[in-house]
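Protein chains in written order, with the numbering used here: chain U, 228 to 618; chain E, 228 to 618; chain G, 228 to 618; chain W, 228 to 618.
Reading through the structure tokens given below for one structure.
There are 4 protein chains.
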Amino acid sequence: MTIEGRADAARRRLRLGQVGGGQGAFIGTVHRIASRIDDRFELVAGCFSSTPDRAKASAADLGVASDRAYGSFAEMAKAEAARDDGIDAVSIVTPNHVHFEAAKAFLEAGIDVICDKPMTTTVADAEALVDLVGRTGRVFVLTHNYTGYPLVRQMRAMVEAGEVGPVRVVQAEYAQDWLTTALEGTGQKQAAWRTDPKQSGPAGATGDIATHAMNLAAFVTGLTLEGVLADLTTFVPGRPLDDNGNILLRFEGGARGMLWASQVAPGNENTLRLRVYGEKGGLEWAQENPNELHYTPFGEPRRLLTRGGNGTGEAAGRVTRLPPGHPEGYLEGFANVYSDAAELIAARIEGREPDPGARLAPTVQDGLEGVRFIAAAIESSKQGGTWVRPA
Amino acid sequence: MTIEGRADAARRRLRLGQVGGGQGAFIGTVHRIASRIDDRFELVAGCFSSTPDRAKASAADLGVASDRAYGSFAEMAKAEAARDDGIDAVSIVTPNHVHFEAAKAFLEAGIDVICDKPMTTTVADAEALVDLVGRTGRVFVLTHNYTGYPLVRQMRAMVEAGEVGPVRVVQAEYAQDWLTTALEGTGQKQAAWRTDPKQSGPAGATGDIATHAMNLAAFVTGLTLEGVLADLTTFVPGRPLDDNGNILLRFEGGARGMLWASQVAPGNENTLRLRVYGEKGGLEWAQENPNELHYTPFGEPRRLLTRGGNGTGEAAGRVTRLPPGHPEGYLEGFANVYSDAAELIAARIEGREPDPGARLAPTVQDGLEGVRFIAAAIESSKQGGTWVRPA
Amino acid sequence: MTIEGRADAARRRLRLGQVGGGQGAFIGTVHRIASRIDDRFELVAGCFSSTPDRAKASAADLGVASDRAYGSFAEMAKAEAARDDGIDAVSIVTPNHVHFEAAKAFLEAGIDVICDKPMTTTVADAEALVDLVGRTGRVFVLTHNYTGYPLVRQMRAMVEAGEVGPVRVVQAEYAQDWLTTALEGTGQKQAAWRTDPKQSGPAGATGDIATHAMNLAAFVTGLTLEGVLADLTTFVPGRPLDDNGNILLRFEGGARGMLWASQVAPGNENTLRLRVYGEKGGLEWAQENPNELHYTPFGEPRRLLTRGGNGTGEAAGRVTRLPPGHPEGYLEGFANVYSDAAELIAARIEGREPDPGARLAPTVQDGLEGVRFIAAAIESSKQGGTWVRPA
Amino acid sequence: MTIEGRADAARRRLRLGQVGGGQGAFIGTVHRIASRIDDRFELVAGCFSSTPDRAKASAADLGVASDRAYGSFAEMAKAEAARDDGIDAVSIVTPNHVHFEAAKAFLEAGIDVICDKPMTTTVADAEALVDLVGRTGRVFVLTHNYTGYPLVRQMRAMVEAGEVGPVRVVQAEYAQDWLTTALEGTGQKQAAWRTDPKQSGPAGATGDIATHAMNLAAFVTGLTLEGVLADLTTFVPGRPLDDNGNILLRFEGGARGMLWASQVAPGNENTLRLRVYGEKGGLEWAQENPNELHYTPFGEPRRLLTRGGNGTGEAAGRVTRLPPGHPEGYLEGFANVYSDAAELIAARIEGREPDPGARLAPTVQDGLEGVRFIAAAIESSKQGGTWVRPA
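What follows is the structure, given as structure tokens:
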């Protein structure tokens, strides 16, 4: 039982700052654990909350020195850029509406950015970020964390190698049930901001989870989206954003797809699932048991590929820490995106080429495509269901 | 471990004839086994093939007297209607294009009909059959056999009883892989007629399997289809009919759905799956392991309901033959439709009310709705994806 | 989607009688359905109950002529043997303690026997039956029905062909929960006789289900049992027979095994499971979803073999009725044993060699081995857990 | 979606040293990641290899200062005990034969110990460690890491609360396939030491994995082992230690169990599975998908309890980091043992009572029981299979 793939890093840890993720937040903790797993980052600064007291208290909790606990991201970007031991990178984990301004501030201060999704709330902002990343030459990594799962990397490599032949059909879905009732009315913080257009942007389930499923489908298949036809619905009375989306997809080259995203499907916790069918074979994977991938070469028995197991290749092995049968999960997949980001950032700092595998980390361009997909879905649905090309 | 539900029938066996299903056919054998399982039918006549020699040979194989092996269904309907010991019912198991004329002949001869799906190849023919059944007062049962599975009956009863609350989201799919390549070009008989518009009608996968998934969704939810938006595709070059359909659904009352039907999805044998989500709970069932039903009351753990097991009710128990843990399958589900048909036919003959449970057998009206769904899907797809109301 | 394997039988139906299986019985109905599925038998006589009124009523229910509804098996054997149209075979489906005398009566009358398991309640009786079958030359088939599942036949063929290499480890289990409480005290008929030594013989769970698991293991691996070490327990107070058995196995040639049989394991309905590991690969199969077989060639990904699907061979195909993805279940597996019996009986009557595949039906010798296994397990357990050679 | 349970630690990180786990080792990396996940430890010293060059190189890789990279554990214990900033605790991750002497050295130096399992290679050594821990008052945590899985904690809490009633039957198994062939002959380091009695001690699979399964069973049920009856086998020619163990268990109070451990079962990666059946219900859990627990109250449908999901309680919530549906895995479970250790160590240092939940971390007493179990199994098997009381 040898470990392939990631091990403890020999190199120095990168200095990391964080915007958002203070007490009571969910995803901030996830980002921090993910940054620690491979020991490539050390959290040294933060603007953990828009509420100053909570920001200070969070910093103390997290072992961040009080002089590096900032009250605003603008102040943080400026101060950290000025320090000799300033942060190498910032992790932006706020509600969606803050992503753009925060990312802009750090990029302009010359600091690499790791940002949660969806990247921005408007296509214009997303395009501006693409432009800014190009101009500054900074690293920008978007935490479409599901792309970090080893068997997702495996699927991508298999499609690329032609093992399923040209792709014909893509079935993607991300179903949850936590918003089946008006949880936002109870003061639950996660529900509150995610269903609030001011913080979440114009999309509900579509921005929160459909965008993950869409990104996953594109990451694995390499296909370019040509058209989106959406029927978005709000089932919970009084909720201003969609909580269920039924979406048809068309890809360049003729492949067709369906994408279902729902936050009102009782019995589904985080059922993110991708199925890809080509002329020569099929692949099926589900996030809730991410250590298993079903691969059927047409005309042969279905094969179970396990993370780290027989029949998996280098792309997965590179991001695998454990022998097969010892499950890795969500945090390890998230950590793979962080460690890829670390490699890209370290390479930039050191003026060298990164490990090519690290380039699989989601980019600002992926972020733009995600925002375009959201906008196209909303437009299609508003028109009663017409084909809209994301642009 | 008591057996509930069906047991050996005390009453006399009904005399059954069959149209189609001779040597080399698939579904004819299935119908015959299904008719035997509960011992309610005896096969005594048939027009097993449009080829006279094959028809005679098949009759001999099947133990049908040679004077009741007919060369045409018209002859058979006439001759059997004239006999004192003529058939009580006919089972029509031909390719689709024959269904209408054959059903018409027997109904007009006063003989009850059990017919395979899709009922007809045009909406006009389907409407004519509805009319004819009304006028003749004969029993007409359509073998949407999946409705015969005990846990499908269980789902329907649970939705009806409000156990999942008002339905919001329906996800139906039926995926296969056997037509991934141009099997019809090899002379394979099943593939040949199913991909031939002259025998199959205007729809490929949509008529063959989407219609099963649609019927199942309607049977379980009781919802009425309001709109269909379809993106039908033919992936295998040279095939004249669709082999993949991505379909959005809207139901009266606001529920939304998706339906995927594919015959080009490698790794899928007969993946018929239904998921229904309401305000209070969710149901998930898949045909390939039909003895398990997943039921999640919102906010509680997922429960596994097994056929015959704890937590299932009378609707399922009525059509269950074995204790839980002893799997029943496709043939038993099919047999339930046959045995319901037997009850309806016997009741008609005996001039009594049938067991109310038998009324769940799919009707000529279900057949019409199926054909309307197919027509709406084709129209929607031809228009590039617009909402079409089935009518 | 072609059907391989069994289809409607061209030959005449065999005339079948039944001993036991009247109103209120479970397994009698199962045998009757199994006998009908492939249309090889017609039920024409019976001694359905030891209670005369119930015997008559059951005969009427089952469409058996009243003059062939007998009050005792002895009378039935004699009368049927004397008729020109007497039964070709008898199916014995009584509680265990009747098997021996009934089988003896029919064999001595020259009538072929299909008998439920365990074959007898003593080793001496089992040996006597082996002897009698040898002397009379009649067909004797024991309904170890699980050997009739297509994928069980597939496993046996794979082991025989060396696909897993020499077998090292066998893990067999059969767990139920229906006797977790003292169900026999409630008057439930199945529970009552199965926990009563007078009707069931000296073994409880060991005779009822461990013997199935043991037979399955031997059928699949072809190994000969060399030693049994058992720890049998009765958990429900007042129950006179074992309801849980933990058993170690040793086979000739060095393979080792474990067998667990329990009727007090909540959550288990009929969890019959077999796992076989050899030098080159492993096989795993479970009765509750019998259409799937997991096969792992060492060093390669696990493969899912489905009934009728890619990678399965002739031994399974011969007993398969449906295309893959359309599940067959317990009754179809049971029917395979019946149809194999029909072939053996027809061949004997016609004085020809049977289809070699039919010889897989469990024999009187298998019955003897089962009874020896039970006796060895009881002896081992009484001695506090010592190795006992079944003999 | 709130996170319950562990979050970033507010308190200072503990200073950790490590013995073993240098380049090429597997489990050392696992321990380091586990120690980092909740940010409770910082690795500052080590004796990473018995080869000095490899020890130094490993230290450099791991960011450990060269003056704290030691050539022997004795030297390390002495030097670290003498430093003001010496380690708070040591993690011992060597092959088994080193555990005892290393643990002894650190305990005697007043340093808390986290040690891999099996604790020692003899019962006498294990008893000596129990004594030493008692005398020194230091914390000793044994990394029976599977007890750290949230749903294992959940099972324990449920059994303790009587939700399955008095336990009757325990089925434990741990199957692997990596030693199906003589991997140790290829120079594979993990295989080499694990099959070498000088490094592994007197037990092969029994010490490596059966002991995990046994510990898990005892942890969950709270039962005390009364007797062991083992049939240990070596299937791979030339291997000096057992690679398959078939074991019967008896517990005080009358419960019975079986335990199977194998390293030659093709298709099994790390199939650690526990099933517990009581008078009122059953529990089933498998390590390969540790986020699901099957719970059946007798007479009700089976329920799926998910990590973090509905129906789970505080014991699991305390060690849960993510919302349900986002899988946690092996490293997170391992980290729970580390974080419990951190709490116990911090409490000792700070002279306070620890969080009661942390007391679930496996102790030196658990280590002793594990070594006694191993010794009893070996003795039983040598005697040809007799009941041996572990002592």
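Note that beta-carbon positions come from the ideal geometry of N, C-alpha and C, so glycine has one too.
- Residue state for U/H371 is assigned as coil, using DSSP reduced to three classes.
- Note that the segment 592–612 of chain W touches the segment 450–459 of chain W; at least 3 beta-carbon pairs, one per stretch, sit closer than 8 Å.
- Taken through DSSP and simplified to helix, strand or coil, W/H553 comes out as coil.
- Residues of the segment 511–532 of chain G that bring their beta carbon within less than 7 Å of a beta carbon in chain W comprise E511, H521, T523, F525 and R529, in sequence order.
- At a cut-off of 8 Å between C-beta atoms, U/G536 counts as an interface residue with respect to chain G.
- For G/E400, there are no neighbours in chain E by C-beta distance under 8 Å, as the nearest C-beta there is about 13 Å away.
- E/P581 carries a coil assignment under DSSP once its states are collapsed to helix, strand and coil.
- Residue nearest to G/I474 within the set G/G465, G/G481, G/V463 and G/W487 is G/W487 (criterion: CA-CA distance).
- When secondary structure is reduced to three states using DSSP, G/L443 falls in the helix class.
- Looking from the CA of W/A316, the closest CA among W/Q245, W/A351 and W/D265 belongs to W/Q245.
- Any Cβ of chain E closer than 8 Å to the Cβ of U/W487 would place that residue at the interface, and such an atom is present.
- Rounded to whole angstroms, U/F300 and W/T451 show a C-alpha spacing of 58 Å.
- Assignment of beta-bridge partners to W/P524 by DSSP yields W/G508.
- For the segment 546–563 of chain U, the set of residues with a beta-carbon nearer than 8 Å to any beta-carbon of chain W comprises R548, L549, P550, P551, G552, H553, P554, E555, G556, Y557, L558 and E559, in chain order.
- Within the segment 372–443 of chain W, the complete beta strand (DSSP E) runs of at least 3 residues fall at 394–402.
- At least one CB atom of chain G sits nearer than 8 Å to the CB of E/R263.
- Contact annotation: the segment 362–380 of chain W touches the segment 505–523 of chain W, with at least three C-beta pairs closer than 8 Å.
- Contact with chain W is absent for G/G597, since none of that chain's Cβ atoms lies less than 8 Å from the residue's Cβ.
- In the DSSP assignment, W/Q245 is bridged to W/G273 and W/S318.
- The alpha-carbon separation between U/L468 and E/L499 amounts to approximately 32 Å.
- In the three-state scheme derived from DSSP, where H, G and I count as helix and E and B as strand, U/I260 is classed as helix.
- When DSSP states are grouped into helix, strand and coil, W/F462 belongs to the coil group.
- Annotation: W/A304 to W/R242 spans about 14 Å, alpha carbon to alpha carbon.
- With respect to W/R545, W/G508 sits apart: the two C-beta atoms are not nearer than 8 Å.
- Distance from the CA atom of G/A292 to the CA atom of G/A286, rounded to whole angstroms, is 7 Å.
- Contact between W/Y504 and G/V491 holds: CB atoms are separated by about 7 Å, below the 8 Å threshold.
- Residue range N323 to E335 is occupied by the alpha helix (DSSP H) that includes U/N323.
- For E/D339, the enclosing beta strand (DSSP E) starts and ends at D339 to C342.
- Assigned with DSSP and collapsed to three states, G/E515 falls in coil, not helix or strand.
- The beta carbon of G/D352 sits closer than 7 Å to those of F327, all from its chain and outside the five residues before and after it, given in chain order.
- Between the alpha carbons of U/M485 and G/T422 lies a gap of roughly 55 Å.
- Scanning its chain for C-beta atoms nearer than 8 Å, with the 5 sequence neighbours on each side dropped, one finds around U/E269 the residues R240, L241, R242 and L243, in chain order.
- Rounded to the nearest angstrom, the gap between the Cα atoms of W/Y565 and G/L510 is 37 Å.
- E/E496 has a beta carbon lying within less than 8 Å of a beta carbon in chain G.
- With a 10 Å radius around the Cβ and a threshold of 16 neighbouring Cβ atoms, G/R310 comes out exposed.
- In summary, G/R579 is exposed, with fewer than 16 beta-carbon neighbours lying within 10 Å of its beta-carbon over all protein chains present.
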